[in-house]
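Working notes, structure below.
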Ligand SMILES: Nc1ncnc2c1ncn2[C@@H]1O[C@H](COP(=O)(O)OP(=O)(O)O)[C@@H](O)[C@H]1O
Ligand SMILES: [Mg+2]
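In the working numbering, the protein residues as written are 1 to 216.
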């Protein structure tokens, strides 16, 4: 589905990503581990076409990235950042946003069930998000990101700010999506409890794939 061939990325004469080959298939669950500064987030920025490789090619469903409209690509490949990025409006307005940009009707029942799944089912849609805690805002960000099912989901330490119970909820939600065929790559810590749920683990060191393992 998503394929990187000999991908490198250079900035200020420094190669941050060095000749990465990677194939992601439907339903893949891949843990990305590696030291801080090793290039994990840069790899995701390349996959989300926020930046372009200085060498090598990336294709999605057989098409080169440069031949796909970036907005189109980002509807299929969804990148969830570490921090929340909600608008200071209501929960409902935030959850409706993905349908607004697509010119479609807001699926309120999907929004409710996602809100439930992230453990915030007790809030009404008209609740404003400004006064919620950081963890609650992050969980609403996750629900918003999943209003439309992506084909590939990139999670950049997306649950690191959450407590264990809420992290478990989010993990269940996301691994359920993987069971439905969504490919998922998650930058996480190798000692996380959840590591055993993944099919593959890829270790990035100094911009390269240092080690790749099948976990099940
Ligand atoms: N736009 C940029 N300009 C200069 N250096 C960058 C840029 N983006 C990332 N880097 C550097 O590339 C390296 C990898 O960064 P990053 O992908 O964020 O690592 P990780 O997510 O594994 O912690 C770091 O040394 C970082 O400082
Ligand atoms: Mg990072």
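Ideal placement from N, C-alpha and C gives every residue a C-beta, glycine not left out.
As the structure is a prediction and not an experimental result, all values here were calculated from the model.
Confirm the yes/no value for this check: CB of residue i, any heavy atom of ligand 1, distance under 6 Å.
i           : result
residue 108 : no
Closest by CA to residue i, which one among the options?
i           : options               : result
residue 95  : 160, 180, 195 and 146 : 146
residue 211 : 31, 25 and 125        : 31
residue 135 : 126, 165 and 42       : 165
residue 3   : 12, 18 and 24         : 24
residue 76  : 89, 66, 61 and 187    : 61
residue 73  : 170, 151, 183 and 197 : 151
residue 281 : 187, 195 and 198      : In the structure as shown, the chain begins at 1 and stops at 216. Residue 281 is therefore absent and cannot be evaluated.
residue 208 : 111, 41, 178 and 91   : 41
residue 28  : 174, 144, 54 and 71   : 174
residue 197 : 1, 181 and 172        : 172
residue 53  : 126, 21 and 26        : 21
residue 114 : 92, 132 and 133       : 92
residue 217 : 176, 51 and 124       : Since the first residue of the chain shown is 1 and the last is 216, residue 217 is not available in this structure.
residue 184 : 167, 97, 149 and 5    : 149
residue 199 : 192, 189 and 213      : 213
residue 85  : 6, 141 and 132        : 141
residue 153 : 109, 132, 177 and 189 : 177
residue 63  : 122, 163 and 5        : 5
residue 47  : 109, 1 and 163        : 1
Drop a sphere of 10 angstroms on the beta-carbon of residue i, count the other beta-carbons inside from all chains shown, and report buried for 16 or more, exposed for fewer.
i           : result
residue 35  : exposed
residue 215 : exposed
residue 201 : buried
residue 67  : exposed
residue 169 : buried
residue 298 : Outside the displayed span of the chain (1 to 216) sits residue 298, for which this structure offers no information.
residue 11  : exposed
residue 102 : exposed
residue 49  : buried
residue 128 : exposed
residue 37  : exposed
Ignore the nearest five residues each way along the sequence and tell me which others in residue i's own chain have a CB closer than 6 Å to its CB.
i           : result
residue 203 : 33, 34, 210 and 211
residue 99  : 106
residue 82  : 156 and 157
residue 65  : 49 and 58
residue 195 : 31
residue 55  : 8
Could you tell me if the beta carbon of residue i falls within a distance shorter than 6 Å of some heavy atom in ligand 4?
i           : result
residue 202 : You won't find ligand 4 in this model; what it holds is ligand 1 and ligand 2.
Among residues of its own chain, excluding the 5 on either side of residue i, which ones have a beta-carbon nearer than 8 Å to its beta-carbon?
i           : result
residue 130 : 88
residue 143 : 95, 111, 114, 115, 117, 118 and 120
residue 43  : 17, 20, 32 and 204
residue 179 : 27
residue 90  : 125, 126, 127, 128 and 129
Looking only at its own chain, which residues have a Cβ that is under 7 Å from the Cβ of residue i, when we skip the five neighbours before and after it?
i           : result
residue 39  : 16, 17, 204 and 207
residue 161 : 134, 135 and 138
residue 45  : 51
residue 167 : 159
residue 181 : 26 and 27
> Among all residues, which have a Cβ less than 5 Å from at least one non-hydrogen atom of ligand 1, and in what chain order do they fall?
Replying inline: 11, 16, 36, 37, 38, 39, 40, 41 and 42
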